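**Q** Here's a structure for you.
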Amino acid sequence: MTDFPLLATINSPADLRRLERHDVPQLTDELRSFLVESVSRTGGHFSSNLGTVELTVALHYVFNTPSDRLVWDVGHQCYAHKILTGRRELMTTLRMHDGLSGFPKRSESEYDTFGVGHSSTSISAALGMALAAKQKGENRKVVAIIGDGAMSAGMAFEALNNAGVADADLLVVLNDNDMSISPPVGALNKYLARLFSGRTFNAARRAGEKVLGVAPPLLEFANRVEEHVKGMLTPGTLFEEFGFNYIGPIDGHDLDSLIPTLQNLRDLKGPQFLHIITKKGQGYKQAEADPILYHGVAKFQADIGIEPTKAPGKLTYTQVFGDWLCDMAAADSRLVGVTPAMREGSGMVRFAEQYADRYYDVGIAEQHAVTFAAGLACEGLKPVVAIYSTFLQRGYDQLVHDVALQNLPVVFAIDRGGLVGADGPTHHGTFDISYLSCIPNMVIMTPADERECRQMLSTGMSLDVPSAVRYPRGSGTGTTPGTDLSTIPVGKGEIRRSGQGIALLAFGSMVAPAMAAGEVLNATVANMRFVKPIDRELICQLAREHSLLVSVEENAVIGGAGAEVARVLEDIGRETGKYTSLMRLGLPDRFIDHGDHARLLSELGLDCDGIVRTVQARLAPTAANT
């Protein structure tokens with residue numbers, strides 16, 4: 078990498094705090110250049126990290142970290158933080174197997190105060206830390222850094238509502254890189270930020286409260302005057318009503334404004350709210366021009382940027398869903414698409430353009446998305462909720478209470494089912510089969526390939542009950558999905574390979590490795606298709622004809638599809654007195670770290686070799702006894 082003389086001397090925030098103020102801009106320039114070079118070689122979240130370089134430097138420069146706590150929301154913007162906290166040399170391993178996590182991770186560094194990956198958790202966690210410090214008599218500051226998108230989640234407002242009356246020394250920094258509430262530049266904004274955060278203004282406020290406290294009406298009048306003055310000049314009325322002292326908006330790339338304002342806020346007591354304006358992709362023109370394209374990137378040439386793919390590869394399941402959504406919308410006017418702020422990630426860009434009046438982006442608000450869809454369904458529409466597996470976890474009560482209990486025909490298109498690779502445990506979709514299968518009225522489908530994915534989505538649309546189609550991240554098997562809207566029989570699997578002695582009952586993404594393993598083992602391979610209702614007839618047939626059944630799924634083995642197979646075999650055993658052996662393969666009872674998807678599957682025994690090895694080990698004692 079290019080030489081970074083000043084950055085090379087920063088191995089901890091303590092080193093940063095020893096810098097003279099006039100040297101800090103050079104550091105931010107070097108840090109941004111380092112990020113461009115580093116992420117271009119590893120891939121990762123890019124535009125969001127470029128947008129928070131100055132903020133990260135300023136926070137570590139002003140606050141005494143790690144004693145003072147920084148709590149990052151989501152964590153897409155944590156790379157500069159990692160670099161400044163002793164992990165610069167490890168950035169070459171970012172998001173790689175046994176390397177640095179792409180998100181703050183408590184086990185990785187004492188500076189990572191809270192593990193994140195999902196949005197809107199920072200204020201709640203920071204408030205807990207602030208009140209814990211107060212209870213323990215510890216003098217420390219706690220800062221939550223949250224983006225404007227994450228502020229749309231109810232959890233953020235629940236935390237604000239609590240914090241405003243909790244008398245905690247908490248600073249919330251709103252990193253606004255999208256909402257243009259007020260121009261971020263200009264002398265007036267800088268002046269107001271310094272004025273409202275400075276000691277003089279706040280001392281006058283406290284003195285006024287003391288003097289006027291004997292006459293409550295006068296105090297109330299004075300407070301109203303202050304609120305109106307600030308309200309006329311700043312957009313902070315909402316946050317003031319929550320009980321915060323609102324400061325801003327200020328330019329989040331202007332260190333001459335940012336550092337003094339943070340220094341002032343550091344010395345204030347009670348809940349403080351700083352609103353900064355930043356630009357995603359700041360300092361890298363390609364990312365500035367298209368921050369969405371540069372949000373999450375693979376490796377690219379830093380001096381050129383992301384180049385268009387020359388040859389089309391296999392379709393991703395996300396693309397299959399996006400194409401189906403448009404085709405089904407053309408065929409059925411009742412269809413509406415719902416997403417919690419994941420239009421691009423869920424493959425809904427074309428649908429949003431072609432069917433703008435039937436497209437609903439509800440913001441980062443998964444709970445609302447689910448219940449909103451339930452309301453649409455109540456009125457005869459057919460909502461399709463496009464959502465990641467781990468994000469649906471956040472709307473679980475709504476799924477149970479508002480959709481399933483009322484038996485409403487909402488289709489859940491669940492992307493990122495199974496392991497997702499580099500994003501790691503915060504984004505692995507390892508629990509959805511388990512948490513869905515126990516809910517009455519649900520139909521749960523797991524496509525083996527692109528064609529089945531399209532057919533299952535159509536099947537879900539045809540039903541008058543809640544349904545879920547669970548598909549993995551990335552490319553499919555290369556199967557052509559077709560353009561029709563045909564369905565498949567509910568609760569019916571299929572035999573894809575006939576063998577002897579052993580039957581592999583594979584779900585979704587595990588059909589392909591099971592087929593390969595079936596060739597080695599001469600085993601029967603069943604594509605089960607449905608987790609619920611599971612194909613009891615097929616399981617009965619396989620139990621009659623084989624001595625060992627093996628369920629295979631890319632989901633937690635506890636409570637997963639294999640548990641449904643076991644339940645059916647138990648019923649058969651009670652009815653016939655014959656109990657067929659079952660071995661359940663799936664993800665172990667632990668959180669799986671980040672790394673290459675194929676390598677993770679191999680290590681967990683869920684590739685062809687792993688399935689063969691596990692089955693042969695199970696059969697070895699039997700063979701030895703014969």
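With our numbering, letter number 276 in the sequence shown gets 353, and the count goes up by one each step, no holes. Don't be surprised by glycine CBs; every beta carbon is placed ideally from N, CA and C. None of the values given here were measured: they were computed from a predicted structure.
(1) Alpha helix (DSSP H) containing E622: first to last residue?
(2) Quick one: Cα of T105 to Cα of S229, how far?
(3) Using the Cβ count rule (16 or more neighbours within 10 Å means buried), how would you classify L315?
(4) By alpha-carbon positions, which one of V608, I572 and R613 ends up nearest to A600?
(5) Have a look at G325, V447, Y188 and V439 and flag the residue whose alpha-carbon is nearest the alpha-carbon of R164.
(6) At which residue ranges does the stretch 79-160 contain complete beta strand (DSSP E) runs of 3 or more residues, listed in the order of the chain?
(7) For V113, collect the residues of the same chain with a Cβ closer than 6 Å to its Cβ; drop the 5 residues on either side in sequence, then sort them by chain order.
(8) In the DSSP assignment, what residue or residues form a beta bridge with S658?
(9) Spatial neighbours of T395 within its chain, please: CB distance less than 7 Å, with the 5 preceding and 5 following residues excluded, ordered by chain position.
(10) Looking only at DSSP bridge pairs, what is D253 linked to?
(11) State whether the stretch 474-490 contacts the stretch 541-552, with contact taken as three or more CB pairs (one from each stretch) at a distance under 8 Å.
(12) Return the bridge partner residues of H460 from the DSSP annotation.
(13) Which one or two residues does DSSP pair with V602 in a beta bridge?
(14) Write down every uninterrupted run of the alpha helix (DSSP H) in the stretch 357-409 whose length is 4 residues or greater and which is fully enclosed by it, in chain order.
(15) Between the C-alpha atoms of E97 and N88, what's the straight-line distance to the nearest angstrom?
(16) Assign Y548 to one of three DSSP states: helix, strand, or coil.
(17) Helix, strand or coil for A694 per DSSP?
(18) The beta strand (DSSP E) with V220 in it runs from where to where?
(19) Counting along the chain, where does the beta strand (DSSP E) carrying A490 start and finish?
(20) Quick one: what does DSSP say N632 is sitting in, helix, strand or coil?
(21) Taking the beta carbon of P590 as the centre, do at least 16 other beta carbons fall within 10 Å, making it buried, or is it exposed?
(22) Taking all protein chains shown into account, decide if I381 is buried (16 or more other Cβ within 10 angstroms of its Cβ) or exposed.
(23) Does the count of Cβ pairs from the stretch 506-526 and the stretch 632-646 closer than 8 Å reach three?
(24) Can you look up Q483 in the DSSP assignment and give me helix, strand or coil?
(25) Measure the CB-CB distance between G506 and Y465 and report whether it falls below 9 Å.
(26) Helix, strand or coil for L562? Go by DSSP, reduced to three states.
(27) Identify which residue in T467, Y473, R435 and F468 has its Cα closest to the Cα of V461.
(28) Counting only the same chain and skipping the five closest in sequence on each side, list residues whose C-beta sits under 6 Å from that of A429.
(29) Using the Cβ count rule (16 or more neighbours within 10 Å means buried), how would you classify P417?
(30) Please report the straight-line C-alpha distance between A594 and K569, rounded to a whole angstrom.
(31) Taking all protein chains shown into account, decide if E527 is buried (16 or more other Cβ within 10 angstroms of its Cβ) or exposed.
(32) Which of the three DSSP states, helix, strand or coil, is assigned to M522?
(33) Does the pairing of the stretch 641-656 with the stretch 612-624 give three or more beta-carbon distances under 8 Å?
(34) Please state the DSSP three-state secondary structure of D328.
(35) Report all residues from its chain with a CB closer than 7 Å to the CB of N518; omit the five preceding and five following residues, and keep chain order.
(36) From V262 to H330, what does the alpha carbon distance come to, in whole angstroms?
**A** Inspection of the coordinates gives the following:
(1) R613 to E622
(2) If I take the Cα positions, the gap works out to 30 Å.
(3) exposed
(4) I572
(5) Y188
(6) 146-149
(7) Y361 and A379
(8) Bridge partners of S658: L625.
(9) S423, G424 and D492
(10) I354
(11) yes
(12) Correcting the residue type first, residue 460 is Pro in the shown sequence and not His. For P460, which the question treats as bridged, DSSP gives the partners V413.
(13) Note: V602 sits in a beta bridge opposite R574 and L581.
(14) 362-366 and 394-408
(15) 16 Å
(16) coil
(17) helix
(18) V219 to G224
(19) V488 to D492
(20) strand
(21) buried
(22) exposed
(23) yes
(24) coil
(25) yes
(26) Under the three-state reduction of DSSP output, L562 falls in the coil class, being neither helix nor strand.
(27) R435
(28) R420 and Y436
(29) buried
(30) Taking C-alpha positions only, A594 is separated from K569 by approximately 23 Å.
(31) Of the residues assessed, E527 falls on the buried side of the cut-off, its CB having 16 or more other CB atoms within 10 angstroms.
(32) strand
(33) yes
(34) strand
(35) A481, N484, V542 and P543
(36) Summary for V262: the model assigns pLDDT 35, below 50, so the residue's position carries little reliability, and this model does not support an answer.
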